[in-house]
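Report on the structure given below.
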Amino acid sequence: MLLTAASIGVNATAVNVDTLFTSATVYGHPNAESVGISDGIITFIGTSQAGRLVKNADTEIIDLRGAALFPGFVDNHNHVFEAASEVGGGCEVSAKASLLEQIPYLQFCRQHAKRGQWVIGYGHYLESILSDDDEMTPLEVLDSIFPDQPVVIMEQTSHSMWVNSQALASVGFTLKTDDPQGGVILKDDDVMLGILLDNAGDLVMEKAWNSLKGKFNQSYDGLISGLQAVAANGITTVGDGRLYWKRGWYDVWRTVEKDGDLTARVSIRPWVYPEGDKQAQLAFFKKIRRDNPTQRLLVNQVKLYSDGLLENGTAKMLAPYQETIIPQYPHGINYISQRDMQWWLQQLSAIGYGAHIHTIGDGGVHESLNAIEAAKQAGSTQDYALTHVEFVDRADLTRFKSLGVTADFQLGSDHVLHAENKTATRLLGKHPERDAIPIGKLYRQGANVSLSSDWNVNPLSPLTAIANAVSMGTRGLPSLAAAIDAYTINPAKSLGLDEVTGSIELGKSADFAVLSTDISNLSPRQIKKTQVLMTVLQGEIVYDAAKTSH
Ligand SMILES: [Zn+2]
507 MLLTAASIGV
517 NATAVNVDTL
527 FTSATVYGHP
537 NAESVGISDG
547 IITFIGTSQA
557 GRLVKNADTE
567 IIDLRGAALF
577 PGFVDNHNHV
587 FEAASEVGGG
597 CEVSAKASLL
607 EQIPYLQFCR
617 QHAKRGQWVI
627 GYGHYLESIL
637 SDDDEMTPLE
647 VLDSIFPDQP
657 VVIMEQTSHS
667 MWVNSQALAS
677 VGFTLKTDDP
687 QGGVILKDDD
697 VMLGILLDNA
707 GDLVMEKAWN
717 SLKGKFNQSY
727 DGLISGLQAV
737 AANGITTVGD
747 GRLYWKRGWY
757 DVWRTVEKDG
767 DLTARVSIRP
777 WVYPEGDKQA
787 QLAFFKKIRR
797 DNPTQRLLVN
807 QVKLYSDGLL
817 ENGTAKMLAP
827 YQETIIPQYP
837 HGINYISQRD
847 MQWWLQQLSA
857 IGYGAHIHTI
867 GDGGVHESLN
877 AIEAAKQAGS
887 TQDYALTHVE
897 FVDRADLTRF
907 KSLGVTADFQ
917 LGSDHVLHAE
927 NKTATRLLGK
937 HPERDAIPIG
947 KLYRQGANVS
957 LSSDWNVNPL
967 SPLTAIANAV
977 SMGTRGLPSL
987 AAAIDAYTIN
997 PAKSLGLDEV
1007 TGSIELGKSA
1017 DFAVLSTDIS
1027 NLSPRQIKKT
1037 QVLMTVLQGE
1047 IVYDAAKTSH
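Numbers 507 to 1056, taken from our numbering, label the letters of the sequence shown in order.
Structure (structure tokens):
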């Protein structure tokens, strides 16, 4: 009998494959064992027998020996630029220490700090250093150790900064200064506390960052380390957490791309500054836009913050907080108000940008959905996602599907496994109706649901988040298939890349995560132990565990 391609079930668009993966379990293709690629595109999916027909003398064979070929993971929200960076010298304070317990950490930073220059640190939790019992304010503690140089220490969450008097002076903040848009200058009985919430802190950090010497090279090295970690976790596409373009980050990205070191496809998302000249920002966005999906660096979505963070009292809530450090803002605050967001989304749509919007509170979610609705009514066809989405008003649950808005969640930390969010109960009061992180509800309402790491706020591994998504009962996702979709094809859709990546299909980019075992039938515990053996982007092996020494 003559074997023809059709007779043995060959599923191929070309017969000249340059690379053939064999002896694999192929996710989404139960009868296939081989996948062939030509010039970075998947051109063959079929049995081993059929695979023999499409290879030629020059075909490179990669025998996966029973390992599982998965679509490369798509991480919809990842601070790959910042996560592994040591820019600023890395004054690391304690995540657990109280205000006075931080003193030895600060003294250590002072010993290693260059006099006359900014000290940039990170690592505390606001709650731990703000206590009524302390005799000193956070400002006094910093001033006592750093009397003659400006200091800014970013909270672990990045949503507040602990600063000294020199840092306050650098941006002209005094007791009389009004809170800047999207931020709060924390005061207590007419005393400055040295704590700047959200955008008030961002303004100081911008100053500090731009004063640094050698920041390009340090940023470059940080980005390369970040990209290596991303590749080692099977991630082939990244939606950038934010591009602080006024800090020179865009040039770093372009250089990494030009040097051929971009080992992931990255949609970098320029940050919309809540204050400052809107037209100048638009002009910059227009200049840097690019959306050729065969390129690895894409720029067609912005990052925009609707609100802040629950713990700071800056997440925008529909009902007032019961406990807050900023009683003057009982519902929280906006980085960008609904009215401004509406303006931004329409202007951005006109120059070819969608948006990835930070929303934590149900008020922030509600206002952002309103702004998107207005943009769509005005004719926008761009992609929009809300990320974090910790609280959603019941009436808004159906709007994600009807407006075509992606809901993006981070499930990488095990605290998501607990049904009750104790901080929410303390700050907002008990509401039996309220789900923190309502991913299950939104999924059931038909929303496009994506998962992301928010690295390094959360761990990087997609496998951990996938395992957690199916460990949350009805609060989570109903099946492993749904959880895998949420880390592959759904975020690809959110990035406007679902024709290019997110599944193993003929004509799509050869973006793979090779896993030690097929996770489709594993328990959550086993999934967390599964290893990424190899990561392939556009047919190029960007990570190979066998060649990486541990
Ligand atoms: Zn983030």
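Every residue, glycine too, gets a C-beta built ideally from N, C-alpha and C.
Counting only runs of 4 or more residues that sit fully inside the region 526–611, the alpha helix (DSSP H) segments are 554–560 and 586–589, in chain order. Residue selection by CB proximity (closer than 5 Å to any heavy atom of ligand 1) returns Gly747 and Asp960 in chain order. Take the alpha-carbon of Pro776 and the one of Ala556: they are about 46 Å apart. The DSSP-derived three-state label of His864 is strand. Contact between Ala973 and Ile1033 holds: CB atoms are separated by about 4 Å, below the 8 Å threshold. The C-alpha of Asp694 lies about 50 Å from the C-alpha of Thr1036. One thing to note: Gly782 has its Cβ no nearer than 8 Å to the Cβ of Gly814.
The region 990–1000 makes no contact with the region 919–927, as fewer than three CB pairs between them are under 8 Å. Counting only runs that start and end inside the region 627–669, the beta strand (DSSP E) elements of at least 3 residues fall at 657–661 and 666–669. Straight across, the Cα-Cα distance linking Pro536 with Leu1012 is about 15 Å. DSSP places Ile1047 within a strand segment (E or B) once states are collapsed to three. Around the beta-carbon of Glu1046, fewer than 16 other beta-carbon atoms lie within 10 Å, marking it exposed. Here DSSP, grouped into helix, strand and coil, assigns Val911 to strand. With a 10 Å radius around the Cβ and a threshold of 16 neighbouring Cβ atoms, Thr904 comes out exposed. Boundaries of the alpha helix (DSSP H) around Lys784: Lys784 to Ile794. Per DSSP, the continuous beta strand (DSSP E) segment holding Asp704 begins and ends at Val697 to Asp704. Between the alpha carbons of Ala573 and Arg771 lies a distance of about 24 Å. The alpha-carbon separation between Arg753 and Lys809 amounts to approximately 15 Å. Listed as beta-bridge partners of Leu803 by DSSP are Val772. In the DSSP assignment, the residues bridged to His894 are Thr865. Per DSSP, the unbroken alpha helix (DSSP H) holding Leu851 starts and ends at Gln844 to Ala856. Unbroken alpha helix (DSSP H) stretches of 4 residues or longer found wholly inside the region 674–746: 705–717 and 721–738, given in chain order. Contact between Phe579 and Asp746 is ruled out by a C-beta separation of about 15 Å, above the 8 Å threshold. Within the same chain, Ala574 and Thr1036 come within 7 Å of Thr1023 by CB-CB distance, once the 5 residues on both sides are set aside. Going by DSSP, Ala1019 is part of the beta strand (DSSP E) stretching over Phe1018 to Leu1021. The criterion of a C-beta distance shorter than 8 Å is satisfied by Gly627 and Ile659. A straight-line Cα-Cα distance of about 15 Å links Gly935 and Ala821.
Under DSSP, Asn840 shares a beta bridge with Asp813. Contact check for Thr643 against Leu699 passes: the beta carbons are separated by less than 8 Å. Per the coordinates, the alpha-carbon of Thr865 lies some 40 Å from the alpha-carbon of Ala530. Taken atom to atom, the span from the alpha-carbon of Tyr750 to that of Ser1029 is near 40 Å. Shortest Cα-Cα distance from Ala884 to any of Gly867, His894, Gln853 and Met823 involves Gln853.
The criterion of a C-beta distance shorter than 8 Å is satisfied by Gly1002 and Gly860.
A direct Cα-Cα distance of roughly 37 Å separates Val1048 from Cys615. Per the coordinates, the alpha-carbon of Ile1025 lies some 19 Å from the alpha-carbon of Ala737. In this structure, His862 places its C-beta atom within 8 Å of the C-beta atom of Thr893.
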